[in-house]
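What follows is a set of notes on a single structure, which appears directly below.
There are 4 protein chains.
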Amino acid sequence: MTSFSSIAARLEEQAIELPSWAFGNSGTRFKVFGTPGTPRTPEEKIADAAQVNKYTALSPTVALHIPWDKVDDYTALRTFANDHGVDLGTVNSNTFQDDDYKFGSLTHVDPTIRQKAIDHHFECIDVMDQTGSRDLKIWLADGSNYPGQADIRGRQDRLADSLQKIYDCLGDEQRMVLEYKFFEPAFYHMDVPDWGTSYAQVAALGERALVCLDTGHHAPGTNIEFIVMQLLRLGKLGSFDFNSRFYADDDLIVGAADPFQLFRILYEVVRGGGYGADSGVAFMLDQCHNVEDKVPGQMRSVLNVQEMTARALLVDSDALTAAQDAGDVLGANGILMDAFYTDVRADLAAWRESRGLPADPMAAYAASGYQQKIAEERVGGVQAGWGA
Amino acid sequence: MTSFSSIAARLEEQAIELPSWAFGNSGTRFKVFGTPGTPRTPEEKIADAAQVNKYTALSPTVALHIPWDKVDDYTALRTFANDHGVDLGTVNSNTFQDDDYKFGSLTHVDPTIRQKAIDHHFECIDVMDQTGSRDLKIWLADGSNYPGQADIRGRQDRLADSLQKIYDCLGDEQRMVLEYKFFEPAFYHMDVPDWGTSYAQVAALGERALVCLDTGHHAPGTNIEFIVMQLLRLGKLGSFDFNSRFYADDDLIVGAADPFQLFRILYEVVRGGGYGADSGVAFMLDQCHNVEDKVPGQMRSVLNVQEMTARALLVDSDALTAAQDAGDVLGANGILMDAFYTDVRADLAAWRESRGLPADPMAAYAASGYQQKIAEERVGGVQAGWGA
Amino acid sequence: MTSFSSIAARLEEQAIELPSWAFGNSGTRFKVFGTPGTPRTPEEKIADAAQVNKYTALSPTVALHIPWDKVDDYTALRTFANDHGVDLGTVNSNTFQDDDYKFGSLTHVDPTIRQKAIDHHFECIDVMDQTGSRDLKIWLADGSNYPGQADIRGRQDRLADSLQKIYDCLGDEQRMVLEYKFFEPAFYHMDVPDWGTSYAQVAALGERALVCLDTGHHAPGTNIEFIVMQLLRLGKLGSFDFNSRFYADDDLIVGAADPFQLFRILYEVVRGGGYGADSGVAFMLDQCHNVEDKVPGQMRSVLNVQEMTARALLVDSDALTAAQDAGDVLGANGILMDAFYTDVRADLAAWRESRGLPADPMAAYAASGYQQKIAEERVGGVQAGWGA
Amino acid sequence: MTSFSSIAARLEEQAIELPSWAFGNSGTRFKVFGTPGTPRTPEEKIADAAQVNKYTALSPTVALHIPWDKVDDYTALRTFANDHGVDLGTVNSNTFQDDDYKFGSLTHVDPTIRQKAIDHHFECIDVMDQTGSRDLKIWLADGSNYPGQADIRGRQDRLADSLQKIYDCLGDEQRMVLEYKFFEPAFYHMDVPDWGTSYAQVAALGERALVCLDTGHHAPGTNIEFIVMQLLRLGKLGSFDFNSRFYADDDLIVGAADPFQLFRILYEVVRGGGYGADSGVAFMLDQCHNVEDKVPGQMRSVLNVQEMTARALLVDSDALTAAQDAGDVLGANGILMDAFYTDVRADLAAWRESRGLPADPMAAYAASGYQQKIAEERVGGVQAGWGA
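Residue numbers (UniProt numbering), protein chains in the order written: chain L, 1 to 388; chain A, 1 to 388; chain B, 1 to 388; chain D, 1 to 388.
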């Protein structure tokens, strides 16, 4: 197997964007439990996100959600972020929390509401111009709950038209990534339910339109690493939303439900050229810490991605190819499993220390007193986002 | 096939309880859309529920949810209901919207919180004593999101203990029904995830403890009519929560997603002795009308159940048995399908008119002006329940 | 709602191809149960298929499977078919029953085996030239059972290369349809697991390469009518393999498991321009009659498709569009359901009689004595296919 | 975390029964690929199974399948096994490969066929008396493919009656374990589809009737370790059939698809008292090595179970309980994951060597030349079982 020292340099390339909204309270339709210290402003979210990067050096950017993270002065927000050691990243649009969007946004049958949704994306592009963000991420809640409720073909055509208008407005260095989701919040049909639909839509737009793969947005049993491979092969994998799930879009900590699946996904990322700064593939988390603390929840997540990336890098590709070519089923599987079963934690701790980071970021954060501090200081105010 | 006239009398026996909370706004974790005319008090919910019964004569009772439907004087509430032509039915407890229950209620590791949850059920039994309700329905959100988070065995033992304490407090004419759910709001384990667990728990309590089957609370592909058959066979089917789903616990209108499945379920209910006043099986709806109007949504639902019940009653049992015994696969299937494919709507319309009901309840309600009236009158106030 | 008389003419356009192999014995890995009268030759299969068409006028063509239906003289076979009132249709290749294909066929790492599989398709095209068939259908069992066993990216590239070679060999009036399948016989990855992959592969080939949609080849919960809509929109829906399932690729009689789903699929076919001789969409059955008789099993299937097509044609499109545009969720759903709940069986029986067909094809076939005749005559010999 | 040395002694207790049929060829309904060296007799299967035990000391017994392993002299067979260092174990009945069982065996509507199936179990008990086996394992293929085909309630009652007759025939030291399966080979309903049904049936029989849990026989997303916990709690977990799956009953090598799930299952086994000779829980494999070599496939499997058992034993239970009681979600999860992520392979290799076993059993077997030897010697003959 490949040695840890030989992959150490490649680990330097890893960057996992954090979503600002992960630091706010989230929950289910049944209940959102509150947590002391929840951020009340975009700045407080960025400050929390910066903590994750401070102890791990894995998350140099923070994604924004508009309008949850709307501010008067984005230049100031960016300066604030930079002062905390991070930068602003992907801008996420939101067309699912306005009453007008009850029956759709970019796909709505009413041109007025469609235009409102398109205009919102123009606003997001304005924000991107100010924040220096590269990616505009679009996730649509659009869909229907009952057969017959909607003309699913008409909606697809209107979606193409709306996306074209937004795409045409992007700057030359800007990209659009279109996320797909199997179901929820719509329960009969989603307008972008699968990678095939997202791919067909972005392929019609141009080379700066790409697919966003959220690891929790598939039907039960779906082989996600196959989709990763296929999108990389087609040159259309734009970004990841990482999380994990046992059932539906559970939005658990990435790697928590099925660490082996995360390993397989990262293995396909690495060998398909999707890893590293030049790859054009953005790594991001998108999780809901319903019952666990937010900052350590995010920290655990980036560490999980790092640990599995290290294992994926450890795979002895030459030996694997030889076994595959020889039809040695057990041998080839064994070579892959060797890397997965290797405990990289001690090596990673040493690697962290060599870079001036704490060996155990979770412990270091816990010892820092930050959690207690925000719990005391952040009293009053209302969370921005997730129902705000 | 059996003739409609021969089953008309049996249709008189049908009664489908409506949940008070179906008339309030519901939604997903992403957004709850508001509707003009949403009830602000238990009385307004009961008034809305009474509309469904007025036009269909199918829903003589309304289930309460405590504390959503908490009032000072339950006798007065019952009188109010009776004045509107309905009665109060099942009392549903709620242990999922209090911060104390973040890590469980009847299964919580902390005896203080367990006792609080048990006391809440004692309070529900007090309400039942005043409303004359027979059934206490328990649905638990208890579970965990991450492997290791909870001692799943300890929780099961504590559940047994808590249920025993509640069961012991029931009056001689009162029953407990324990609902199970595959997942949500917990995403790793639910303390009562399947019928087997609910059955094992209630079997340990005694004969007045029964299982509640919610049609949306199963794993993908589960044969629900088999469970209906089995629970009737074991004498443990206490009640139904009807709804439908394409994906998870979508809580759509019953029969909307898979009318044939509803037919098969009702067929097993009928032939297993679960139909009619003497059966001891309570029929109830439990749906979320996220995008459709509430009163007509409930009306559509009880009519769907009635239409499929009529079809189920139409099955020619003798011919079916003969074909089954002969190993005539296509013949037996054809006899069942004959009943399913029969369009009973005209016969049901005539049957309704013969009882002084409108032939088309949906149209009659729409023409009544009730919806406009409540939209105008019910301004201000806050919905009780679902996040209240 | 639209009247039956107004759709009667459109029903004339319906043609559903039968697979020759449906008349042979099939089963599961556990057991294949034998049936008296099972065909021993391609001619006997065609004779059986012709029975279905004789009583229903719905199945004018029979699909062949090579090598299961290999004969010395395809012109003679076609004449035989014509003499029985049917024609030969789609040619299906088979690269899953030869020991060489244990680790793949068109995707195999060994160029010799890949070429063998490509050559087999050339042979199929030769057969098509003789039978006058339009479509070459490719379903690949290629995949792997264990992570690491195969280079899934390399296989995708080799697949593209192999398909190109086959496509280049097609005549100007011939088409290729590429089927996808979620899983089985491979249990970790399939090389063509979803519509997105099939679409991406055929889009790279040219306009006479299209997708084949088998209704049983999806993940649990997949909205199949959405895929139908999308492929029609993209101009890439080539053909259907109809069957039904409760769990996996159960290959039950089409419409048996979820008739409402079949209705929804056919509704999207009709309104997306996929219905009728000019549509370019081929309808075919692909089922396994493991426990029921084969000829009546196929007959039941084409009748199910016809009944649901009639219902789909009955949908009042104008009213539906109006309700959809008005955001009338219950109204729009109700308009669709009106058509689904309409019992078209008596109208179809009358329509059949008006065309000189038996009102009840199943009964007419049963009374014909054909089944008894073949059971007596066809003694000895070995079934060709499914293990042959 | 617990140290390896402190758990070494407990690893001695591990015993995983091998199924004789795992050494024969298996496949899918599409194709069974042959392998050189496939056993032609029960003795050859036992000899192969003994190889697994020789290199791992993990599999001291071999399960038989009647009639696949029918011999004239079971005492001689047992002696043969003993001479090869193993003993005979569980006897598995087979009521799915006889034409009479097309529509059921123990549940069949025809009393003659039911009695034939019951008699077959009496024969199995006779075999057990001769082999000294403790457990009679019953897996039923009984079910139906189409709604209406069968009276699912009548079948359940007949099942109870048939099982009672078999149970009554067991010796005082003998047990019955009843396996359940979600679907396949029946595609509408299975007579024993879930743990609840198996539990209800065996609970009615007596204390020596128990449930067999096959890890591949559940609906998608089912939390299997919960069922393990529940059955142990109810005193009804009799045995395991280990394998793994990505989709359905794929019967892959245990631990191959989701090693973390295997770890969680074994953790619940250990802490629920299901581990070790005195537990009364039998561990067995039940897999199909469709594309990989059989002997190393079984060896890989028992090693996977051992590795995950070691990890499960390593969990620091005290620390875990403390974190759980404190509501420390991330802490508790982290303690569990610590054990899972620990690479026990070097410790296990050393432990093996200390017992006179090869450090790397897979390599030792490969070097032994056994595979080549059987490939050369075993020419001709027909495999017994899986279609024989």
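Note that beta-carbon positions come from the ideal geometry of N, C-alpha and C, so glycine has one too. Computed from a prediction, not measured in an experiment: that's the story for all the values here.
Where does A63 (chain L) fall in DSSP's three states?
strand
Does the beta carbon of P220 (chain A) come closer than 7 Å to any beta carbon on chain D?
yes
Give the range of the beta strand (DSSP E) segment to which N92 (chain D) is assigned.
D87 to N92
Skipping 5 residues on each side, what residues in its chain have a beta carbon closer than 7 Å to that of A332 (chain D)?
L320, A323 and Q324
Tell me the DSSP bridge mates of K236 (chain B)?
K236 (chain B) pairs with nothing; no bridge assigned.
Looking at the C-beta of V32 (chain A), does it have a partner C-beta in chain B at a distance below 7 Å?
no
On the three-state DSSP scale, how would you describe A141 (chain A)?
Secondary structure of A141 (chain A) (DSSP, three-state): coil.
Tell me the residue span of the alpha helix (DSSP H) that contains I16 (chain A).
Where I16 (chain A) is concerned, there is no enclosing alpha helix (DSSP H), given that its DSSP letter is neither H nor E.
Every unbroken beta strand (DSSP E) within the stretch 199-268 of chain B, with a cutoff of 3 residues, ordered by chain:
209-214 and 237-242
Same chain, Cβ closer than 6 Å to S59 (chain D), five either side skipped, listed in chain order
I16, L18, V52, N53 and V302
Quick one: residues in its chain with C-beta nearer than 7 Å to the C-beta of residue 401 (chain D), no 5 flanking neighbours on either side, listed in chain order?
Since the first residue shown for chain D is 1 and the last is 388, residue 401 (chain D) is missing from the structure and cannot be characterised.
Straight-line Cα distance separating R158 (chain B) from Q115 (chain B)
11 Å
Rounded to whole angstroms, what is the Cα-Cα separation between V192 (chain L) and I227 (chain L)?
15 Å
Name, please, each residue of chain D whose Cβ falls closer than 9 Å to the Cβ of E184 (chain B).
For a Cβ distance threshold of 9 Å, residue set T28, R29, F30, Y247, A248 and D250 of chain D lies close to E184 (chain B), ordered along the chain.
For the alpha helix (DSSP H) that contains L314 (chain B), what are its first and last residues?
Unbroken alpha helix (DSSP H) run through L314 (chain B): K294 to L314.
Examine the Cβ distances between the stretch 374-381 of chain L and the stretch 248-255 of chain A and report whether three or more of them are shorter than 8 Å.
no
Is P259 (chain A) close to chain D? Criterion is C-beta to C-beta, closer than 7 Å.
no
What are the start and end residues of the beta strand (DSSP E) that includes A282 (chain L)?
A282 to L285
Taking the alpha carbon of Q261 (chain A) as the reference point, which residue from A:A366, A:D194, A:M337 and A:D87 has its own alpha carbon closest?
A:M337
Express the C-alpha separation of Y55 (chain L) and S368 (chain L) in angstroms, rounding to a whole number.
10 Å
CB contact check: Y180 (chain A) to chain L, cutoff 7 Å
Taking 7 Å as the threshold, the shortest C-beta distance from Y180 (chain A) to chain L does not fall below it.
Check this for me: beta carbons of V177 (chain L) and S105 (chain L), under 7 Å apart or not?
no
Buried versus exposed call for K373 (chain D) [16 or more other C-beta atoms within 10 Å across all chains shown]
Residue environment for K373 (chain D): exposed (fewer than 16 other C-beta atoms within 10 angstroms of its C-beta).
Rounded separation between D293 (chain L) and V91 (chain B) - CA only
60 Å
Bridge partners for V177 (chain B) per DSSP, in chain order?
Looking at the DSSP assignment, V177 (chain B) forms a beta bridge with B:K137 and B:L210.
C-alpha distance - residue 389 (chain B) paired with A117 (chain D), whole-angstrom precision:
Here chain B has residues from 1 to 388 only, and residue 389 (chain B) is not among them.
Given 8 Å, three or more beta-carbon pairs between the stretch 341-348 of chain D and the stretch 39-48 of chain D
no
In the DSSP output, what is M190 (chain L) paired with across the bridge?
L:G143
Taking the C-alpha atoms as reference points, what is the distance between residue 419 (chain L) and A160 (chain L)?
Since the first residue shown for chain L is 1 and the last is 388, residue 419 (chain L) is missing from the structure and cannot be characterised.
Under 8 Å Cβ to Cβ from A257 (chain L), same chain only, skipping five residues before and after it: list those, please.
So the list reads S244, R245, F246 and D250, once near-sequence residues are dropped.
Whole-angstrom distance between A282 (chain B) and I224 (chain B), CA atom to CA atom
17 Å
Span of the alpha helix (DSSP H), counted from its first residue to its last, around Q149 (chain D)
Unbroken run through Q149 (chain D): none, as it is neither H nor E.
Quick one, which of L:F187, L:L64, L:Q156 and L:N145 has its alpha-carbon nearest G132 (chain L)'s?
L:L64
Stretch pair the stretch 260-274 of chain A + the stretch 309-318 of chain A: three plus CB contacts closer than 8 Å:
yes
Neighbouring residues, chain B, relative to Y146 (chain D) (Cβ below 9 Å):
Within chain B, the residues near Y146 (chain D) are L252, I253, A256, A257, V291 and E292.
Is there a C-beta anywhere in chain L that falls below 7 Å from the one on D325 (chain B)?
yes
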